[in-house]
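Q: First the structure, then my questions, so here it is.
6 protein chains.
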Amino acid sequence: MRTIAVYPGSFDPPTVGHLDIIDRSSRVYSRVIVAVARNIRKNVWFTPAERMAMLRKLTRTYTNVEIDSFRGLLVDYARDKGAHVVMRGLRAISDFEYEFQMAHMNKKLASEVDTVFMMTGERYSYISSNIVKEIASFGGKIDDLVPPLVKKEVLKKIEKRRKA
Amino acid sequence: MRTIAVYPGSFDPPTVGHLDIIDRSSRVYSRVIVAVARNIRKNVWFTPAERMAMLRKLTRTYTNVEIDSFRGLLVDYARDKGAHVVMRGLRAISDFEYEFQMAHMNKKLASEVDTVFMMTGERYSYISSNIVKEIASFGGKIDDLVPPLVKKEVLKKIEKRRKA
Amino acid sequence: MRTIAVYPGSFDPPTVGHLDIIDRSSRVYSRVIVAVARNIRKNVWFTPAERMAMLRKLTRTYTNVEIDSFRGLLVDYARDKGAHVVMRGLRAISDFEYEFQMAHMNKKLASEVDTVFMMTGERYSYISSNIVKEIASFGGKIDDLVPPLVKKEVLKKIEKRRKA
Amino acid sequence: MRTIAVYPGSFDPPTVGHLDIIDRSSRVYSRVIVAVARNIRKNVWFTPAERMAMLRKLTRTYTNVEIDSFRGLLVDYARDKGAHVVMRGLRAISDFEYEFQMAHMNKKLASEVDTVFMMTGERYSYISSNIVKEIASFGGKIDDLVPPLVKKEVLKKIEKRRKA
Amino acid sequence: MRTIAVYPGSFDPPTVGHLDIIDRSSRVYSRVIVAVARNIRKNVWFTPAERMAMLRKLTRTYTNVEIDSFRGLLVDYARDKGAHVVMRGLRAISDFEYEFQMAHMNKKLASEVDTVFMMTGERYSYISSNIVKEIASFGGKIDDLVPPLVKKEVLKKIEKRRKA
Amino acid sequence: MRTIAVYPGSFDPPTVGHLDIIDRSSRVYSRVIVAVARNIRKNVWFTPAERMAMLRKLTRTYTNVEIDSFRGLLVDYARDKGAHVVMRGLRAISDFEYEFQMAHMNKKLASEVDTVFMMTGERYSYISSNIVKEIASFGGKIDDLVPPLVKKEVLKKIEKRRKA
Numbered sequence: 001m002r003t004i005a006v007y008p009g010s011f012d013p014p015t016v017g018h019l020d021i022i023d024r025s026s027r028v029y030s031r032v033i034v035a036v037a038r039n040i041r042k043n044v045w046f047t048p049a050e051r052m053a054m055l056r057k058l059t060r061t062y063t064n065v066e067i068d069s070f071r072g073l074l075v076d077y078a079r080d081k082g083a084h085v086v087m088r089g090l091r092a093i094s095d096f097e098y099e100f101q102m103a104h105m106n107k108k109l110a111s112e113v114d115t116v117f118m119m120t121g122e123r124y125s126y127i128s129s130n131i132v133k134e135i136a137s138f139g140g141k142i143d144d145l146v147p148p149l150v151k152k153e154v155l156k157k158i159e160k161r162r163k164a
Numbered sequence: 001m002r003t004i005a006v007y008p009g010s011f012d013p014p015t016v017g018h019l020d021i022i023d024r025s026s027r028v029y030s031r032v033i034v035a036v037a038r039n040i041r042k043n044v045w046f047t048p049a050e051r052m053a054m055l056r057k058l059t060r061t062y063t064n065v066e067i068d069s070f071r072g073l074l075v076d077y078a079r080d081k082g083a084h085v086v087m088r089g090l091r092a093i094s095d096f097e098y099e100f101q102m103a104h105m106n107k108k109l110a111s112e113v114d115t116v117f118m119m120t121g122e123r124y125s126y127i128s129s130n131i132v133k134e135i136a137s138f139g140g141k142i143d144d145l146v147p148p149l150v151k152k153e154v155l156k157k158i159e160k161r162r163k164a
Numbered sequence: 001m002r003t004i005a006v007y008p009g010s011f012d013p014p015t016v017g018h019l020d021i022i023d024r025s026s027r028v029y030s031r032v033i034v035a036v037a038r039n040i041r042k043n044v045w046f047t048p049a050e051r052m053a054m055l056r057k058l059t060r061t062y063t064n065v066e067i068d069s070f071r072g073l074l075v076d077y078a079r080d081k082g083a084h085v086v087m088r089g090l091r092a093i094s095d096f097e098y099e100f101q102m103a104h105m106n107k108k109l110a111s112e113v114d115t116v117f118m119m120t121g122e123r124y125s126y127i128s129s130n131i132v133k134e135i136a137s138f139g140g141k142i143d144d145l146v147p148p149l150v151k152k153e154v155l156k157k158i159e160k161r162r163k164a
Numbered sequence: 001m002r003t004i005a006v007y008p009g010s011f012d013p014p015t016v017g018h019l020d021i022i023d024r025s026s027r028v029y030s031r032v033i034v035a036v037a038r039n040i041r042k043n044v045w046f047t048p049a050e051r052m053a054m055l056r057k058l059t060r061t062y063t064n065v066e067i068d069s070f071r072g073l074l075v076d077y078a079r080d081k082g083a084h085v086v087m088r089g090l091r092a093i094s095d096f097e098y099e100f101q102m103a104h105m106n107k108k109l110a111s112e113v114d115t116v117f118m119m120t121g122e123r124y125s126y127i128s129s130n131i132v133k134e135i136a137s138f139g140g141k142i143d144d145l146v147p148p149l150v151k152k153e154v155l156k157k158i159e160k161r162r163k164a
Numbered sequence: 001m002r003t004i005a006v007y008p009g010s011f012d013p014p015t016v017g018h019l020d021i022i023d024r025s026s027r028v029y030s031r032v033i034v035a036v037a038r039n040i041r042k043n044v045w046f047t048p049a050e051r052m053a054m055l056r057k058l059t060r061t062y063t064n065v066e067i068d069s070f071r072g073l074l075v076d077y078a079r080d081k082g083a084h085v086v087m088r089g090l091r092a093i094s095d096f097e098y099e100f101q102m103a104h105m106n107k108k109l110a111s112e113v114d115t116v117f118m119m120t121g122e123r124y125s126y127i128s129s130n131i132v133k134e135i136a137s138f139g140g141k142i143d144d145l146v147p148p149l150v151k152k153e154v155l156k157k158i159e160k161r162r163k164a
Numbered sequence: 001m002r003t004i005a006v007y008p009g010s011f012d013p014p015t016v017g018h019l020d021i022i023d024r025s026s027r028v029y030s031r032v033i034v035a036v037a038r039n040i041r042k043n044v045w046f047t048p049a050e051r052m053a054m055l056r057k058l059t060r061t062y063t064n065v066e067i068d069s070f071r072g073l074l075v076d077y078a079r080d081k082g083a084h085v086v087m088r089g090l091r092a093i094s095d096f097e098y099e100f101q102m103a104h105m106n107k108k109l110a111s112e113v114d115t116v117f118m119m120t121g122e123r124y125s126y127i128s129s130n131i132v133k134e135i136a137s138f139g140g141k142i143d144d145l146v147p148p149l150v151k152k153e154v155l156k157k158i159e160k161r162r163k164a
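Residue numbers (the numbering used here), protein chains in the order written: chain L, 1 to 164; chain S, 1 to 164; chain R, 1 to 164; chain H, 1 to 164; chain Y, 1 to 164; chain A, 1 to 164.
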């Protein structure tokens with residue numbers, strides 16, 4: 001069976017938690033499309049192009065992972081791609097509630113696409129893109145939270161913002 | 001990619017919610033092994049053989065679904081079967097907490113088997129085997145909760161218990 | 001509009017939290033039927049008759065509150081009584097999950113009976129019949145948890161159990 | 001007993017979930033006042049007048065439902081109206097937490113007004129005004145989420161915004 | 001053992017709930033540093049200096065409580081102060097989730113500082129600085145939510161805003 | 001300030017999660033009394049004496065940790081010991097709810113003893129004594145869940161049970 005999975009997110013920036021989900025998805029689905037959301041609103045540091053570039057470098061060694069972006073309704077995008085599942089990481093209760101609502105709504109809007117969840121690894125359960133940005137902007141260490149290449153981009157961005 | 005999924009449970013008896021998860025799993029995994037837990041303890045009405053027989057009849061039309069049973073640690077069973085994922089249905093917060101703990105523990109015990117979750121369909125979110133047994137034993141209607149063949153077996157069991 | 005409410009529970013024994021819900025229900029519904037569940041299983045200290053006797057004394061001053069008991073499915077009982085709503089107190093998350101499941105199930109079984117909820121008063125949020133029994137059996141003070149008449153019955157019961 | 005219930009909300013726009021709660025409230029309370037909150041802040045699409053007009057058309061057939069609006073503290077409004085209960089729909093955990101806090105606070109501010117809750121019907125549990133607006137603005141179908149008349153108003157609003 | 005505790009927060013304004021935590025912390029730790037966060041963003045009414053002045057007056061009688069402020073990462077501040085624990089109040093599930101994430105992150109960033117939690121007293125469980133501001137701005141009574149001196153400052157602030 | 005902490009539990013058997021809390025408590029309180037509950041009921045494998053012996057060996061190197069046991073109400077025990085705080089580990093939502101109820105109840109019964117919480121370390125969040133027993137009885141590996149000395153005792157106990 002050839003199952004296509006879409007893994008959507010803002011990835012602003014990608015964290016080690018995201019990479020864990022990508023790695024695990026790549027082992028159980030034939031094709032994994034990491035889909036950068038273009039229409040997120042607040043507290044965005046990186047352009048969709050920058051986020052896609054980072055993800056491409058980080059997933060270079062996976063032959064069945066590709067990076068893309070989307071605008072509009074996720075289910076429309078997933079259907080266009082012929083995806084069978086939408087992949088989501090679950091961290092905590094508040095995640096759970098929101099994801100539950102979204103999964104039901106997506107099922108309603110496109111019954112042929114199913115949402116499946118993976119629990120975020122315990123080591124990654126407290127990591128989020130927002131926490132990475134918050135810690136980095138106060139000068140804290142983010143070495144355990146993001147891969148080295150993302151760390152470099154985050155620090156560059158902070159440098160630029162300071163000068164601006 | 002040939003992904004093998006194990007869907008474990010007590011299925012005492014199987015409900016329409018279980019069948020929903022089996023149906024959806026069968027669409028995204030190459031092979032789905034429904035695994036009846038033999039070592040459950042309390043409030044069991046059906047023998048493992050009876051539960052397996054019901055599941056076999058209910059999944060007869062799926063070419064990639066098979067029915068089996070296991071005793072002992074789920075991860076050992078999953079590893080023996082060469083499974084890549086353990087499939088679980090998520091209904092609510094209390095489910096979530098327990099499943100979260102189990103998923104981490106299973107990952108620890110067998111890192112090559114990953115747990116993935118599907119949200120139970122909204123129509124099935126209040127259904128469980130225990131509720132089926134409770135309602136049926138008070139003479140309530142269970143037509144929307146289990147397939148006709150399971151209903152018949154449940155009523156037979158109640159009849160038998162009454163005579164005993 | 002004459003709205004009849006059923007307030008079901010085990011009331012083993014009645015606590016100040018139960019009385020708070022009865023008092024508040026009596027102000028918004030024409031008739032409140034406090035319904036003692038006969039078919040509860042574990043850790044029961046008082047017979048249905050004893051629980052009903054305590055509740056009758058405690059609600060003597062309410063002209064629109066009556067005490068009854070039931071066996072079997074709550075919705076069947078509520079329908080028999082011509083009730084429009086089933087009243088439930090909500091204390092915490094775990095309550096919420098269970099009550100949510102029950103409310104949906106009851107709605108399914110008897111669509112003309114609706115479940116409505118009142119939040120337990122903050123002062124009562126940590127009180128339950130089980131905690132009353134646990135504290136009392138270790139010799140702790142339960143004066144703030146139950147009315148004086150219930151306290152007397154609880155202590156009598158402990159005395160009896162000690163002798164047995 | 002004549003019980004007056006206030007059902008407050010932003011209703012921006014009204015959904016089938018809101019109408020379910022209005023319908024069920026109208027069966028158990030003598031008079032139901034649907035109260036549009038004027039002082040909501042962010043992401044508002046419809047003026048209070050527009051929201052009230054939609055609600056009036058949608059509840060035309062109920063003889064004991066009326067539409068109003070309020071500014072300021074809900075409990076002050078409820079007290080002014082002589083209301084006995086504030087009616088709220090509960091969907092999920094996050095709702096529960098917030099509503100719990102509000103119910104206690106309202107009780108404190110006006111002890112004669114009690115908050116009662118109804119669980120949102122399972123079919124409506126993933127629907128919210130914000131999700132309606134999000135889906136509609138991406139061109140998704142909202143036919144199952146709002147009544148036809150609301151759908152028309154939402155599409156008109158999107159048309160206008162596009163031109164602006 | 002001389003244990004130093006940091007109790008961080010925005011205290012905009014301090015509530016009776018905050019004072020309860022300060023009081024209880026002062027009984028179990030040798031030194032309690034109440035640390036006003038300078039870098040909070042939205043809906044701030046009081047300057048850090050104003051918040052510190054209120055806290056100083058309110059804790060005047062405690063010999064082991066001092067008032068300070070910080071900017072940047074909490075763990076860096078706690079480490080600078082030689083603190084052994086960060087003290088947090090827990091009110092509800094949503095608090096819990098956020099605090100859980102923060103506690104793990106702080107532990108990671110500074111393993112020598114541990115986060116400990118006290119449950120907010122039941123009487124204070126619905127109180128927050130934001131609710132105080134919301135109620136006050138609608139003309140509601142806040143006498144039970146904040147000490148008299150804070151009430152005065154809140155009303156002054158509202159007066160000023162009205163004129164502005 | 002000399003703060004005495006009681007850390008109660010069943011410790012049947014002690015896990016690496018328990019030892020983490022003991023270690024962290026010993027750093028912030030002058031004296032830590034690990035108190036084995038004698039009155040637990042179901043699924044107990046070890047006698048109080050056996051549990052205390054294991055804990056004594058495991059905490060031998062801590063000069064301010066002592067092992068004791070109690071029967072009856074925890075608050076009575078804590079008061080007898082002159083304790084200022086009861087220490088609890090928090091793992092997850094369901095823990096949270098139960099602990100919340102207990103903390104309020106204990107505060108009510110003995111206002112001079114306060115309950116404080118530490119989040120279980122992320123590595124330990126899925127570990128409990130019951131899970132250790134369940135995995136071990138199915139022949140699974142428990143090396144990461146308990147110290148070597150506890151592992152030996154658990155395996156001995158299983159051997160004995162098999163023969164019985």
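Even glycine gets a Cβ: it sits at the ideal position worked out from N, Cα and C.
From the DSSP output, in three-state form, read off V154 of chain R for me.
A: helix
Q: Out of curiosity, what's the CA-to-CA distance linking S26 of chain L and S128 of chain A?
A: 32 Å
Q: Quick check: what's the CA-CA separation for P8 of chain A versus K163 of chain S?
A: A direct Cα-to-Cα measurement between P8 of chain A and K163 of chain S gives close to 48 Å.
Q: Closer than 8 Å between beta carbons: that is the criterion. Which residues of the stretch 112–128 of chain L meet it against chain A?
A: E122, R123, S125 and Y126
Q: Can you give the Cα-Cα distance for M52 of chain S and V146 of chain S, rounded to whole angstroms?
A: 15 Å
Q: Let me know the secondary structure DSSP gives P8 of chain L once reduced to three states.
A: strand
Q: Using CA coordinates, which residue listed in R:H18, R:P148, R:F138 and R:A37 is at the minimum distance from S10 of chain R?
A: R:A37
Q: Output yes or no for whether 8 Å exceeds the beta carbon distance between L74 of chain L and V85 of chain L.
A: no
Q: Looking at the secondary structure, which residues open and close the beta strand (DSSP E) in which G89 of chain L lies?
A: V85 to L90
Q: Thinking E122 of chain Y and S125 of chain R are a contact (beta carbons under 8 Å), I'd like their distance in whole angstroms, please.
A: 6 Å
Q: Can you tell me the Cα-Cα spacing of K71 of chain H and N39 of chain H, whole angstroms?
A: Note that residue 71 of chain H corresponds to Arg in the displayed sequence, not to Lys. R71 of chain H and N39 of chain H: Cα-Cα distance of roughly 6 Å.
Q: Provide the residue span of the alpha helix (DSSP H) that contains I129 of chain S, from first to last.
A: Per the sequence shown, residue 129 of chain S should be read as Ser rather than Ile. DSSP places S129 of chain S inside the alpha helix (DSSP H), whose first and last residues are S129 to S137.
Q: Indicate whether R88 of chain R and D114 of chain H have their beta-carbon atoms separated by less than 8 Å.
A: no
Q: Could you please give the first and the last residue of the uninterrupted alpha helix (DSSP H) stretch that includes V146 of chain R?
A: Taken as a continuous stretch (DSSP letters only), V146 of chain R belongs to no alpha helix (DSSP H), as it is neither H nor E.
Q: Just checking: is the beta-carbon of F46 of chain L within a distance shorter than 8 Å of some beta-carbon in chain B?
A: Of the protein chains in the structure, L, S, R, H, Y and A, none is chain B.
Q: Should P148 of chain A be labelled buried (16 or more other beta-carbon atoms within 10 Å of its own) or exposed?
A: By the neighbour-count definition (other C-beta atoms within 10 Å, threshold 16), P148 of chain A is an exposed residue.
Q: Ordered along the chain, which non-local residues of its own chain (more than five positions away) have a Cβ less than 6 Å from that of D20 of chain L?
A: G121 and Y124
Q: Can you check whether the C-beta of G77 of chain H is within less than 8 Å of a C-beta belonging to chain R?
A: Residue identity differs from the one stated: residue 77 of chain H is Tyr in this sequence, not Gly. No - not a single Cβ of chain R is within 8 Å of the one on Y77 of chain H.
Q: What are the partner residues of S69 of chain Y, as DSSP defines its beta bridges?
A: Y:V36
Q: Use the C-beta contact count for A103 of chain A: other C-beta atoms within 10 angstroms, 16 or more gives buried, fewer gives exposed.
A: Buried is the label assigned to A103 of chain A, since at least 16 other Cβ atoms lie within 10 Å of its Cβ.
Q: Rounded to whole angstroms, what's the CA-CA distance from F117 of chain Y to M119 of chain A? Just pull it up for me.
A: 8 Å
Q: Would you mind sorting R31 of chain A into buried or exposed? The rule is 16 or more other CB atoms within 10 Å of its CB.
A: By the Cβ-count criterion, R31 of chain A is buried, with 16 or more other Cβ atoms from all chains shown falling within 10 Å of its own Cβ.
Q: Assuming the contact rule is C-beta atoms closer than 8 Å, V28 of chain A and T3 of chain Y should be a hit. Round their C-beta distance to whole Å, please.
A: About 5 Å separates the two Cβ atoms, so the contact holds.
Q: When the distance is taken between beta carbons, is A110 of chain Y closer than 8 Å to Y68 of chain Y?
A: The sequence shown places Asp at residue 68 of chain Y, rather than the Tyr named in the question. No, the Cβ-Cβ distance between D68 of chain Y and A110 of chain Y is not below 8 Å.
Q: Please confirm if M54 of chain S has its CB atom under 8 Å from at least one CB of chain A.
A: no
Q: Does the separation of the CB atoms of K151 of chain S and I142 of chain S fall below 8 Å?
A: In contact: K151 of chain S and I142 of chain S (Cβ atoms closer than 8 Å).
Q: Listing by chain order, which chain A residues have their CB less than 8 Å from the CB of R27 of chain Y?
A: H84 and D114
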